[in-house]
Amino acid sequence: MSRKITVKDFPQMSDLRVCLVLEEGDDDMPREWCSSCSSIIPLLYKVSGGRYLCKECWSSDTELQKDEKKRKTQKWKVEWDDVEHLLAQCPNTGCDKQVQLHDVQEHLVRCIFRRVSCNLCAQNVVVSQLPNHSKLDCAKRSVTCECCSEVMFAEEKEGHSSTCAGRRGATRKNGKNNKNKKKTLESKDSEDEIKSLKNMVVQLSAKLSALEDEQRKQRALVSASVKRPPFSYIWCIDSFTKFKEEALKRKEGSLSEPFFFGVPGCKFRLQATIAHITQDLQSITFFGLFVHLKVTDQDRFNDSYHTKLKCTLEVASHSREAETLVLPFTFSADGSDDRRAPGRARYMWNTLFGKPKFVKLENLENKELGYIQDDVLLVEFYVRD
């Protein structure tokens, strides 16, 4: 029989509450937990019968309060070291991951089921659904009126429809076209009408294409600009299929458009690359990541970080079956790095991951692993001191 026990109020967890899912008789089943509300907190009260109660349950237990002998208690302190190894269920709805308590905070930072605020409409959205939200549901996404070609927010379109001059003109035009259509049918001359319809289809297709391009840019902008502490950024590689096709046409591979951002005292530039690499006498297609670091203010940088700056790039999976791809690396920003090329500005290096840190393209595009969704790949960058 399984039992859910809530862990809360430990300083190491801030205000977070998580549930342990344990089976009766498990070796990891703790003994010191409130038997009334099923919770583990730093301070418990040991009462008669060997039971433990939290302060709230102890004060509300009428039987204990009536009996002076039973009311005698012993304060019992639960140490973090005694519980940090226990497995807890991720509190994010939809996530089935179970992690040890001391790793919960780190998991929540990169969990694909966490909720973030949309940069345009401020609505809370699950991070893996952010591209779809910005494309289909965001009230602040850009849309174009099909009648007058005016660009507006999606939330304004309904009100605009009632006052659109292009729509009124189209209504009058349609009335005339109906009369002309009857005359044309009577005279068996429909060639002009067919040409007009073809032109209309071409114009609508062009407007639709322009609208999709605009929404794609908005979606990439939203995904790339979401920030959370510690210094972390979501980098959206849109139209991944097109990027791959163009890269594989070239022998030397291809780099994506660069993504720039900064942290105190330094700037980063990220690019993705797809190329053929020979490994163990076999030609394999790899997906890699290209990183620049440039220290712009050495004093400010030294105040914020150690000379060895630890960073990670993480490719989140949309599938519950697959793990997040974590690619850790370390930058040396003290001027001693031997990768610095002659003539290149000090504190700036090219870092192309070695073969072990490349990801095979066939694994990245595996639908069961689910790293690419709706032709979009989300890469999360973390700066950890």
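Taken in order, the sequence shown gives residues 1 to 385; the numbers are from the UniProt record's numbering. In this text, a Cβ means the ideal position worked out from N, Cα and C, and glycines have one as well.
_With DSSP as the reference, identify every bridge partner of M152, one or two as the case may be._
V143
_Collapsed DSSP secondary structure at V202 in the structure displayed_ = helix
*Candidates F286, A247, K367 and Q282, of which the one nearest S317 by Cα*: K367
_In whole angstroms, give me the CA-to-CA distance for S38 and Q98._
19 Å
*Which residues share a DSSP beta bridge with L53?*
Y45
*Measure the beta-carbon distance from V20 to L120 and round it to whole angstroms, keeping in mind my assumption that it falls under 8 Å.*
As written in the sequence, residue 20 is Leu, which differs from the Val given in the question. That pair is no contact at about 38 Å.
_Close Cβ partners of E89 (< 7 Å) along its chain, the five nearest in sequence each way excluded_ = Contrary to the premise, residue 89 reads as Gln rather than Glu in this sequence. Around Q89: V18, C19, V21 and Q98.
*What did DSSP end up calling E365 once you bin it into helix, strand or coil?*
coil
*What are the boundary residues of the alpha helix (DSSP H) that T241 is part of?*
F240 to L248
_Taking the alpha helix (DSSP H) that S161 belongs to, which residues open and close that run?_
K157 to S161
*How about V116 and V127: are their beta carbons less than 8 Å apart?*
yes
*List the DSSP bridge partners of G94.*
In DSSP, G94 forms no bridge with anything.
_Looking at the strands, I want to know which residues DSSP matches up with C282._
Going by the sequence as given, residue 282 is Gln instead of Cys. DSSP lists Q279 as partners of Q282.
_I'd like to check one pair, C118 with V109: are the Cβ atoms closer than 8 Å?_
no
*Over the uninterrupted alpha helix (DSSP H) stretch that includes R110, give me the two end residues.*
V104 to R110
*Would the segment 254-268 and the segment 277-284 be scored as touching if the rule is three or more Cβ pairs under 8 Å?*
no
_DSSP has N124 in a bridge; who is on the other side?_
S117
*Is the Cβ-Cβ distance between F381 and F287 less than 8 Å?*
no
*Quick one, which of Y52, K360, M152 and S319 has its alpha-carbon nearest G370's?*
S319
*Less than 8 Å between the CB atoms is what I'm expecting for I234 and L364, so what's the real figure, rounded?*
Not really, about 17 Å apart at Cβ, beyond 8 Å.
*Between L44 and the rest of its own chain, which residues show a CB-CB distance below 7 Å, the 5 nearest in sequence each way excluded?*
E32, C34, Y52, L53, C54, W76 and V78
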